[in-house]
Amino acid sequence: MSQWPFLMVKDSSGGLYVDTRITFGGVAGCGSFGVPADAWKRIMEHEFDVIKIFRWVDDNLFIKSNI
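Residue numbers (the working numbering): 1 to 67.
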């Protein structure tokens, strides 16, 4: 599957912006970083005593209990 459609944004005048630096976010930029991001999440869940890690695009929320 070509990743180029996910690296472009069309403006209201019909012009295209090409993300050449994945500045739109690693996961959102082209989707190819989803698998490494999932692996990172599993490593963090294993290494740290967290209840849950929520991930959306390239943002993370760690939930931990003090009990």
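Idealized CB from N, CA, C, for every residue including glycine. What you are looking at is a predicted structure, and each value in this text was computed from that prediction instead of being measured.
| Asked | Found |
| --- | --- |
| Residue span of the beta strand (DSSP E) that contains K10, given as start and end | M8 to K10 |
| Inter-residue spacing [alpha-carbon to alpha-carbon] between G34 and D19 | 17 Å |
| CB contact flag (I53, M44, <8 Å) | yes |
| Enclosing beta strand (DSSP E) for V18 [first to last residue] | L16 to V18 |
| Chain-order list of residues whose beta-carbon lies under 8 Å from that of S65 (same chain, five-residue window excluded) | I51 |
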